[in-house]
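Written out below as structure tokens is the structure these notes cover.
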Amino acid sequence: MNYTEKLVDKLNDVLRRSYDAIQGYENAIDDMNDAQLKNFFKNQVMERTRFAGELASEITALGGEPVTESSFKAALHRAWMDLKSSIASNNAEKVLQECIRGEETASEDYKDILESDLSLPPSVTNMLRSHKASIDATVVKLKMMEKVA
1 MNYTEKLVDK
11 LNDVLRRSYD
21 AIQGYENAID
31 DMNDAQLKNF
41 FKNQVMERTR
51 FAGELASEIT
61 ALGGEPVTES
71 SFKAALHRAW
81 MDLKSSIASN
91 NAEKVLQECI
101 RGEETASEDY
111 KDILESDLSL
121 PPSVTNMLRS
131 HKASIDATVV
141 KLKMMEKVA
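Numbers 1 to 149, taken from the UniProt record's numbering, label the letters of the sequence shown in order.
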């Protein structure tokens, strides 16, 4: 596998995580009663949709084919499934805990690609750093919301 194929593969992994998050937040919107949380989740869907578009554009620019659906890999799958069951009970604190867990997993995925042995183009590095910073800020917000839930 050449450099470009490896990079496209890694970017597609992160793109799948964006789709996973979109699905998780959309489930939360559909099933939560709390208006403030619904609004927060809607904003996360919009942000993750933007992330997905940016990632897909970079993948295409590199000559790759962007994935079009989520992965639900083991850890993230469990996190979002736990979120879904938390939503079923409409327990805001549990939902927030599961969101935190999912976001922390996503942040680790971004960290992994940023710290990988791939020499990333500056545009990719900047995009990934921006996404990771936003995800990390979301974790902080979720933790603050959890304290008052």
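We put the CB at the ideal spot given by N, CA and C, even for glycine. As the structure is a computational prediction, the values presented were derived from the model and not from experiment.
- Under the three-state reduction of DSSP, G53 is assigned to helix.
- Inclusion of E103 and L128 in the CB contact set at 8 angstroms is not warranted, their separation being larger than that value.
- Remark: C-beta atoms of L96 and M145 approach each other more closely than 8 angstroms.
- The Cβ atoms of Q36 and T138 lie no closer than 8 angstroms to each other.
- Apart from the 5 residues on each side of it in sequence, G64 sits with its Cβ closer than 6 angstroms to the Cβ of V8 in its chain, given in chain order.
- By alpha-carbon distance to T49, the top candidate from D34, S70, L62 is S70.
- Rounded to whole angstroms, the separation of the alpha carbons of T4 and I100 is 32 angstroms.
- DSSP, reduced to helix, strand and coil, places E69 outside both helices and strands of the structure shown, so it counts as coil.
- Burial is judged here by how many other beta carbons sit within 10 angstroms of a residue's own beta carbon; T125 has fewer than 16 and is exposed.
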